[in-house]
Structures are given as structure tokens and as C-alpha cells.
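Here is the structure we will look at, set down as C-alpha cells.
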Amino acid sequence: MFNNFTKPRRVVITGFGCVTPIGIGRKFFWKALREGKSGVGRIESFDVSESKVKIAAEVKNFDWEAELDPKDRKNVARTVPLALAAAREAVKDAKIETDKLTLTERQNFGVILGTGGGGLAFTEKQYRYWFAGEEKKASIYTIPASTHGGLSSELSMVFGLHGLSHIVSTGCTSSTDAIAYAAQHIALGKQDFMLTGGVDAPLALGILKAFNVMTVLTNEWNDEPNRASRPFSKDRSGIVL
Numbered sequence: 000m001f002n003n004f005t006k007p008r009r010v011v012i013t014g015f016g017c018v019t020p021i022g023i024g025r026k027f028f029w030k031a032l033r034e035g036k037s038g039v040g041r042i043e044s045f046d047v048s049e050s051k052v053k054i055a056a057e058v059k060n061f062d063w064e065a066e067l068d069p070k071d072r073k074n075v076a077r078t079v080p081l082a083l084a085a086a087r088e089a090v091k092d093a094k095i096e097t098d099k100l101t102l103t104e105r106q107n108f109g110v111i112l113g114t115g116g117g118g119l120a121f122t123e124k125q126y127r128y129w130f131a132g133e134e135k136k137a138s139i140y141t142i143p144a145s146t147h148g149g150l151s152s153e154l155s156m157v158f159g160l161h162g163l164s165h166i167v168s169t170g171c172t173s174s175t176d177a178i179a180y181a182a183q184h185i186a187l188g189k190q191d192f193m194l195t196g197g198v199d200a201p202l203a204l205g206i207l208k209a210f211n212v213m214t215v216l217t218n219e220w221n222d223e224p225n226r227a228s229r230p231f232s233k234d235r236s237g238i239v240l
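If you want it as C-alpha cells, here you go:
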């Protein structure tokens, strides 16, 4: 079955973008990473006074509204602007002008993203409206915006890409798997260009409590959040979202 197998093509990374708890943008992220900075702090996006876990690695000082058209802001999960911002930086870093791509180039330019939870926080917010009797506040796009597959589609539409558009959801390895699959598609000649990486925004009160029920989150470092993530220490007590 491998008689016609050809030597895999070389795969190179030509652009890089990131939106992270320790830095927004490649330069700031790399600087913070080299300095060993922690992105963990007290949760500010919602009230955690009644939660045992009060810390997480939030992306702060991020203007998510700037990434979206005003009409879309109510109808997409936070993962969308996070992914868009990182993707735009990566495309710019690669010096690719997507508006100048030919039809053939667009057809050979795919998107594979990894996500563990997708739009869970967005979904939780919509459910809160429904169960509180405030259905009119809920988005009419709750179902498509809550499914993982919409993430890659959003990027494909924004950049006008016509290649494959896939999501990989394999828990904590989602992003790594997505990058590997993207590289395989280029190596085997199935696509010429790939936009790949990962995104997650799992911070919401219900999700936090659900993780805490599993007893996998640390609640012993609420007063020293920058010391909470310590997987190789003998006094480790759990993970941090």
C-alpha cells in the first residue's frame, strides 16, 4: 500500500502569534517566558467569593471587542477573538497578504485548531439567561457558537481561506495534536499552507466549580497565586485553569 509513497515535503513555521496570560504578542510572551513570569492571579472576570478556587491564568488587558464587528460581539464565544488576534499576528509575521491570495492558493490554505472546551463559558452564560427567565438576552446563535467546529470556520471566513477547516479536541493535548496534524497535511502534499494552533477560554463559575468537584484544581495557593502551578514539587496540590 506504500508503493506510491513519496518523500514527505519539508515543513517550516513562517509566522507565530499568541495571546496568553503572560503576554499578548510574540515578543511580550517570549520575554515573560524567559523571565519565568507567572500568569496566574486572582480571577477578576466574575465573582469567586463563594468558590474554593479563586485563582486562574486569565488573559488580561486584551481588547477582545477590537477583534470583532459590533454585530458579532454578542454571538460568539471568547475563544473566537482570542484565536483571531493570535492568527492575525501569525499571518502578519509570515508576511502573508490573504487578500492577495489566488483562488488556488486559498483552496490549498487550511485551518486546524485545537481546543479542549471550546465555547463552554459562552454556553453557560446563555443557559443562565434561559433558566433565569431572560430568554430574550440569549444569543440566537447559541448552538453554532457553542460547538467546537465553529472556531476553525470563523478563521477560514475572516481570512477567506477555502482549504480544509478542522477542529481537534483531545483534552489537554488538543493544540499539540492540531499542530502535528497540520504539519502532516503539508508534508503529505494535502495542503500547501496551514493556519494552526490552539485556543481555550474555560473560565466561568460553573466550569470552575465542576473542575473543583473533580478535586483536580489547587485551592491552597489563593493567597500566593504565582506559586500555584508546581507540577514537580512534592507539595503540589492540583492544576490551575
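FYI, this note's numbering numbers position 229 of the sequence shown as 228, with every residue one higher than the one before it.
The C-beta atom is built at its ideal place from N, Cα and C for all residues, glycine as well.
(1) Quick one: give me the first and last residue of the alpha helix (DSSP H) that HIS184 is part of.
(2) What beta strand (DSSP E) runs, 3 residues minimum, are completely inside the segment 113 to 184?
(3) Any chance you could list the alpha helix (DSSP H) runs of at least 4 consecutive residues sitting entirely within the segment 16 to 91, in chain order?
(4) So, with DSSP's three-state summary, where would you put ASN211?
(5) Identify, in the order they occur along the chain, each residue of the same chain with its Cβ nearer than 7 Å to the Cβ of ARG72, setting aside the five sequence neighbours on each side.
(6) Along the chain, where does the beta strand (DSSP E) that runs through ALA194 open and close?
(7) I need the DSSP call for ILE206, collapsed to helix, strand or coil.
(8) Can you look up LEU102 in the DSSP assignment and give me helix, strand or coil?
(9) What does the Cβ neighbour count give for SER215, buried or exposed, with the cut at 16 atoms within 10 Å?
(10) Going by alpha carbons, who is nearest to ALA56 out of LEU187, MET213, LYS91, ALA203?
(11) Count the other C-beta atoms from every protein chain shown that fall within 10 angstroms of the C-beta of ARG8, then say buried if there are 16 or more, exposed otherwise.
(12) Return helix, strand or coil for ARG229, following the three-state DSSP convention.
(13) Give the single residue among ASP92, GLY162, GLY116, GLN106 whose Cα lies nearest to the Cα of LYS26.
(14) By a C-beta neighbour count over all protein chains shown, 10 Å radius and 16 as the cutoff for buried, is GLY188 buried or exposed?
(15) Among GLU223, GLY170, LYS30, PHE210, which has the Cα closest to the Cα of GLY197?
(16) With 16 as the cutoff for other CB atoms within 10 Å, does MET156 come out buried or exposed?
Let's see:
(1) In the sequence shown, the residue the question calls residue 184 occupies position 185. 173 to 186 is the span of the alpha helix (DSSP H), which, as asked, contains HIS184.
(2) 164 to 167
(3) 25 to 33
(4) In the sequence shown, residue 211 corresponds to position 212, counting from 1. If DSSP states are grouped into helix, strand and coil, ASN211 belongs with the helices.
(5) Taking the first residue of the sequence shown as position 1, residue 72 is located at position 73. Closer than 7 Å at Cβ, skipping near neighbours: GLU64.
(6) Counting from one through the sequence shown, the residue named residue 194 turns up at place 195. The question names Ala, but residue 194 is Leu in the sequence shown. Note, LEU194: beta strand (DSSP E), 192 to 197.
(7) The sequence position of residue 206 within the sequence shown is 207, counting from 1. Three-state result, ILE206: helix.
(8) Translated into positions along the sequence shown, residue 102 becomes position 103. Helix, per DSSP.
(9) The residue you call residue 215 lines up with position 216 of the sequence shown. A small fix is needed here, since residue 215 is Val in this sequence, not Ser. Classification of VAL215: exposed, given that the 10 Å Cβ count is below 16.
(10) In the sequence shown, the residue the question calls residue 56 occupies position 57. The residue with the shortest Cα to Cα distance from ALA56 is ALA203.
(11) By one-based count along the sequence shown, residue 8 stands at place 9. Answer is exposed; the Cβ neighbour count stays below 16.
(12) Locating residue 229 in the sequence shown gives position 230, counting from the first residue. Correct three-state label for ARG229: coil.
(13) What you label residue 26 is simply residue 27 of the sequence shown in a count that begins at 1. Comparing Cα positions, the closest option is ASP92.
(14) Residue mapping note: residue 188 aligns to position 189 of the sequence shown, counting from 1. Answer is exposed; the Cβ neighbour count stays below 16.
(15) Residue numbering aside, residue 197 sits at position 198 when the sequence shown is read from its first letter. The residue with the shortest Cα to Cα distance from GLY197 is GLY170.
(16) By 1-based counting over the sequence shown, the position of residue 156 is 157. MET156 comes out exposed.
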